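Read the structure below first, then the notes.
There are 2 protein chains.
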Amino acid sequence: MAKDKGPRRPRAETPKGFRDYFGAEVSERKAMLDTIAGVYHRYGFDPLETSAVETVEALGKFLPDVDRPNEGVFAWQDEDKDWLALRYDLTAPLARVAAQYRNDLPTPYRRFAMGPVWRNEKPGPGRFRQFYQCDADTVGSGSVAADAEICAMLADALEEVGIPRGDYVVRVNNRKVLNGVMEVAGILDPADPEKFAHERGIVMRAIDKKDRLGASGVRALLGEGRRDESGDFTTGAGLSDAQIAIVMGFVEANDLIDEDIRQRRASRVSGSTADLDEEIPSGPDDQDFPRELRQMILAASSAGRNKLVLSHLRELVGNSLVGLAGVDELSEIEKLLDSQNYNADRIRIDPDVVRGLGYYTGPVFEAELTFEITDEKGRPRQFGSVAGGGRYDDLVKRFTGQSVPATGVSIGVDRLLAALRAKGRAGADTRGPVIVTVMDRDRMADYQAMATELRRAGIRAEVYLGNPKNFGNQLKYADKRQSPVAVIQGTDEAQRGVVQLKDLFLGAKIAAEASHEEWKSQPAQTEVARADLVAGVRRLLGSA
Amino acid sequence: MAKDKGPRRPRAETPKGFRDYFGAEVSERKAMLDTIAGVYHRYGFDPLETSAVETVEALGKFLPDVDRPNEGVFAWQDEDKDWLALRYDLTAPLARVAAQYRNDLPTPYRRFAMGPVWRNEKPGPGRFRQFYQCDADTVGSGSVAADAEICAMLADALEEVGIPRGDYVVRVNNRKVLNGVMEVAGILDPADPEKFAHERGIVMRAIDKKDRLGASGVRALLGEGRRDESGDFTTGAGLSDAQIAIVMGFVEANDLIDEDIRQRRASRVSGSTADLDEEIPSGPDDQDFPRELRQMILAASSAGRNKLVLSHLRELVGNSLVGLAGVDELSEIEKLLDSQNYNADRIRIDPDVVRGLGYYTGPVFEAELTFEITDEKGRPRQFGSVAGGGRYDDLVKRFTGQSVPATGVSIGVDRLLAALRAKGRAGADTRGPVIVTVMDRDRMADYQAMATELRRAGIRAEVYLGNPKNFGNQLKYADKRQSPVAVIQGTDEAQRGVVQLKDLFLGAKIAAEASHEEWKSQPAQTEVARADLVAGVRRLLGSA
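Heads up: the protein sequence lines correspond to chains A and B, in order. First residue of the first sequence? That's 1 in the working numbering, and the numbers climb one at a time after it. First residue of the second sequence? That's 1 in the working numbering, and the numbers climb one at a time after it.
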């Protein structure tokens with residue numbers, strides 16, 4: 001027939017790198033975001049929703065004179081030849097808003113935002129081109145109280161969505177400390193900030209790779225460079241041994257402090273005392289397992305460790321003004337949080353936090369989940385980072401020329417949701433509706449009346465709307481929908497003024513476990529008067 | 001200086017046709033969508049979230065062989081030269097999902113979806129290129145019970161968000177009735193569905209314009225054509241007078257029925273009786289104001305009117321099988337809804353509902369708000385349509401070749417929200433946070449402790465994080481945030497162990513109304529013990 005010769009049929013496919021979210025996936029994420037929004041709101045942040053589309057110019061990742069924007073974002077030219085793009089994060093639109101409405105917004109402007117962002121990157125396993133972010137930022141406050149508050153809020157948000165205290169730590173560092181170390185190492189000149197920018201870039205990237213490359217890898221990149229397993233060579237920063245030693249004092253600060261603590265503890269065990277003794281966390285005597293000791297300390301860490309870190313950092317930055325300012329800010333943040341009971345078991349001063357983004361200018365923070373999960377290869381590993389942020393004082397300046405201090409946090413929605421699922425805390429109600437089955441299609445109005453009654457009582461319910469001919473299909477449907485109860489009323493039941501209620505969860509259990517005789521006795525099915533429909537269903541739902 | 005000679009600054013501008021939503025705008029929309037989602041969920045619908053991006057091929061608005069997709073959507077070519085686009089509605093992605101996962105989804109598949117869609121159209125006042133939709137659809141059920149259920153759900157959703165009964169009506173029609181009328185008029189041949197497709201297109205578009213052009217305008221377009229005020233001529237369908245009379249019997253059905261009701265009422269008033277008397281709504285004797293009578297009937301309409309409409313439509317479609325099927329479906333929908341108490345005051349069978357989209361194949365419906373608002377020129381007008389939908393049995397077929405019956409509804413989120421605002425029912429709490437002011441910047445930890453206490457008591461609160469030097473600025477900030485209470489503690493208060501609480505709503509009222517003496521007595525400011533901070537603030541919030 002002519003109609004079959006039409007154009008070929010389109011493929012029904014999610015575009016590459018994108019995905020669809022069904023049922024509980026949507027409601028679990030929504031429940032989590034609603035909880036986080038509640039925390040942000042309680043802290044005084046106001047919601048802001050910008051459009052998904054921005055001008056490429058405002059996004060600012062690209063030079064205005066290139067013809068086709070770089071990789072990284074989805075972009076297109078509109079009818080006026082302006083380039084538009086999908087936002088790649090929620091911070092760039094905030095900077096645009098802060099500049100555009102600067103005369104109308106309160107100062108400081110505290111806003112939260114949640115929604116999808118898009119990255120035009122090569123898709124991979126678990127890497128999607130659209131994902132959610134959930135941010136809160138304070139624009140227009142240079143006070144470290146703003147940074148401290150965001151760390152406290154992050155801790156509150158994690159606990160409220162279901163990460164118990166002890167299972168997370170907010171790690172805090174300060175870019176200024178690293179700048180101070182670089183000044184001491186002679187690769188930052190406060191009088192000429194552009195000088196050595198190339199070397200500092202290499203140093204920053206090297207430090208950020210410490211987790212993957214280890215201290216020796218970082219050391220190589222600070223010097224001549226590093227050849228990886230594949231044989232590829234990455235050129236290093238070319239620092240001298242003396243310079244490298246200074247930077248490595250920062251890179252290895254955590255290990256040095258752990259060693260310090262271990263020695264103090266050992267000397268305390270052997271009878272001597274040390275100044276900081278009372279502030280050092282106690283733990284098991286496992287000198288042979290520094291890694292485990294480290295984890296014990298991380299979990300049970302106390303204010304003592306934060307103070308040790310701060311004094312170590314103060315030594316490292318020497319006379320660098322920016323470095324000292326950085327240590328002072330960290331010290332102030334630690335003090336503010338500690339006084340609100342956000343103690344070192346939750347907030348840790350940690351020189352290992354660098355964060356890749358070049359735009360951070362002061363305190364940086366990262367929320368890490370410290371419990372272990374099993375990775376795809378069956379090995380236990382720590383869950384890791386689920387949120388991060390910091391102070392960025394120059395983003396709004398791009399538009400206005402005036403520096404506007406700002407600080408904020410972004411929660412990795414998908415990672416945090418995965419963590420909640422791993423902990424069994426994702427917790428939206430995933431039960432399907434009560435299914436009113438159709439035994440007699442002429443009595444549809446009666447079945448609809450049952451569903452209506454149930455709904456008016458607040459019970460999720462629907463009439464089976466497929467072809468009712470095969471009753472087995474109706475029960476299969478109820479099963480697929482994870483329905484807790486099926487309501488059945490044939491002609492006989494209708495005449496007697498009753499309905500059958502089938503407990504589908506119990507029925508499934510019996511089908512899996514019971515003998516044929518037990519199954520035949522249908523303990524999962526009960527008869528109630530039609531007038532008791534709602535009460536009967538409620539009873540079963542209570543037990544389901 | 002060299003730095004000032006850098007590239008010109010980007011403009012901080014929302015892209016043309018897009019907009020930003022602040023604070024209450026976001027939370028009011030969210031509250032409304034959450035309520036609607038609750039209704040959809042209670043009716044057994046599951047959430048689905050597809051990505052914003054689809055292949056142009058799957059969206060299906062365009063021929064696959066054109067090089068550059070048409071206007072209407074935002075589209076771009078990815079690195080594999082495939083065309084991608086932002087979704088322009090939530091129905092096209094649903095059709096893709098229903099086809100892609102057809103072996104895994106339950107049948108029927110009942111899903112709801114809410115989120116932004118994008119249209120690459122010329123922006124205008126109140127017309128934006130990104131806006132929200134909020135849909136529920138049942139895919140895989142051919143039963144009119146599915147259509148009836150969606151009408152009932154729409155009524156429930158409107159009432160739950162805050163549109164009172166009596167202020168809305170769900171108008172229902174059926175495309176098959178119109179097809180039946182066209183068959184009777186000789187412009188639809190069931191044996192050759194493609195024949196007269198051009199004429200039918202003109203007829204459909206003409207009927208859809210009835211509101212604007214009036215009956216005479218529609219009549220002209222059914223015949224030779226119509227010249228508008230500007231002198232432009234629109235070619236008509238070229239129907240004969242006899243054909244036009246048949247179609248106009250449908251177009252003017254509502255007016256004919258109103259006239260019928262008026263005459264029956266008149267004859268009843270004068271003492272005679274008529275068969276349908278008891279079913280005809282009673283209203284005031286305003287034979288000279290048929291329009292007002294019409295509105296009275298619309299508001300107080302009863303089952304009698306729906307029955308009159310159905311019998312009139314049955315006459316109009318004569319022996320057309322499709323037409324009779326359409327009337328039977330409408331009759332069944334009316335019966336199902338009436339038995340659930342969704343009576344004619346809420347659900348109205350209405351031949352005027354046509355709905356532009358060509359893809360509807362059966363029942364179509366539209367929710368209209370019947371209260372009056374004042375338009376931008378100060379004239380009263382009915383609020384109008386806020387939701388619509390219908391049955392579309394061919395959308396999934398594009399992908400699979402198999403016809404899949406489907407029906408659904410889409411709520412116009414922005415219009416409904418505007419209606420709620422007009423009625424003062426948008427109702428999210430728009431109060432700002434309690435502001436803890438900073439009198440002594442060295443005591444930031446104390447102020448933070450106050451905010452923390454308030455938050456732990458569930459009270460929205462924040463410390464002022466701007467420059468605290470000018471106290472007036474702090475109060476201006478609190479005012480801009482619509483803060484209900486300011487907390488003040490200077491050195492003196494700290495020493496005495498008290499805080500001052502300033503009722504800012506009362507303060508604003510006094511400032512506006514009170515004499516200088518009254519104002520100086522500061523009735524809006526109270527002192528409480530520091531330990532009673534939470535209780536004191538709670539007291540003020542209760543009265544605010």
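Just so it is clear, CB atoms sit at the ideal spot from N, CA and C, and this is done for glycine as well. Keep in mind that this is a model prediction, so the values were computed, not measured.
One alpha carbon belongs to R87/A, the other to S339/B, and they sit about 50 Å apart. At least 8 Å separates the beta-carbon of R456/A from that of V434/A. Looking only at A531/B, R539/B, M32/B, R29/B, the smallest Cα-Cα distance to A524/B is reached by R539/B. The stretch 183-199 of chain B and the stretch 318-325 of chain B touch, with three or more beta-carbon pairs separated by less than 8 Å. In the DSSP assignment, L90/A falls outside any beta strand (DSSP E) and carries neither an H nor an E. Contact check for T407/B against D34/B fails: the beta carbons are separated by 8 Å or more. Using a Cβ-Cβ distance cut-off of 8 Å, the stretch 409-418 of chain B and the stretch 99-113 of chain B are not in contact, since fewer than three pairs of beta carbons, one from each stretch, lie closer than that value. Around the beta carbon of D375/B, fewer than 16 other beta carbons lie within 10 angstroms, which makes this residue exposed. For the pair of segments examined, the stretch 193-213 of chain A was found not to touch the stretch 395-404 of chain A: the number of CB pairs separated by less than 8 Å stays below three. Residue pairing from DSSP places M114/B in a beta bridge opposite C134/B.
Beyond the five residues adjoining it in sequence on each side, H198/A comes within less than 6 Å, by CB distance, of no other residue in the same chain. Distance between G507/A and D78/A, taken at the CA atoms: about 58 Å. Residues are counted here when their Cβ sits less than 7 Å from a Cβ of chain A; for the stretch 464-492 of chain B these are L465, G466, Y477, K480, R481, given in chain order. G236/B and K195/B have their C-alpha atoms roughly 17 Å apart.
Under the Cβ criterion of 8 Å, R443/A is not counted among the residues facing chain B. Rounded to the nearest whole angstrom, the CA to CA distance from W118/A to V117/B is 15 Å. Within 9 Å of the CB of D135/A, no CB atom of chain B is found; the nearest one sits about 14 Å away. If you ignore the 5 residues before and after A325/A, its C-beta comes within less than 7 Å of the C-beta of K176, all in its own chain and listed in chain order. Per DSSP, the unbroken beta strand (DSSP E) holding A406/B starts and ends at 406-412.
DSSP places I435/B in the uninterrupted beta strand (DSSP E) bounded by 434-436. Per the DSSP secondary-structure output, E372/B pairs in a beta bridge with Q382/B. Annotation: L308/B to I257/B spans about 7 Å, alpha carbon to alpha carbon. In the DSSP annotation of this structure, the continuous segment of the alpha helix (DSSP H) that includes I207/B starts and ends at 197-208. Restricting attention to A445/A, A512/A, V528/A, the CA atom closest to the CA of A486/A is found in V528/A. For R530/B, same chain residues with a beta-carbon under 7 Å away, outside a window of 5 residues either side, are G497, V498, V499 in chain order. Only K335, L336, S339, Q340 from the stretch 323-353 of chain B bring a Cβ to less than 7 Å from some Cβ of chain A.
In the three-state DSSP reduction, I349/B falls in the strand class (E or B). Within the DSSP secondary-structure output, N174/B pairs in a beta bridge with P363/B. For R391/B, no CB of chain A lies under 8 Å from its own CB, so it is not counted at the interface with that chain. Excluding five sequence positions before and after S410/B, the CB atoms of its chain that fall closer than 8 Å to its own CB belong to D89, L90, T91, Q133, C134, D135, A387, G388, G389, given in chain order. Nearest Cα to G424/B within the set I163/B, A253/B, E462/B: I163/B.
Chain-ordered, the chain A residues with CB closer than 7 Å to the CB of G44/B read P433, R460, A461, E462.
With contacts defined by Cβ atoms closer than 8 Å, T526/B and Q474/B do not form a contacting pair. At a cut-off of 8 Å between beta-carbon atoms, F22/A makes contact with chain B. Going by beta carbons, V170/B and F365/B fall inside the 8 Å limit. Contacts with chain A at 8 Å (Cβ-Cβ) do not include R530/B.
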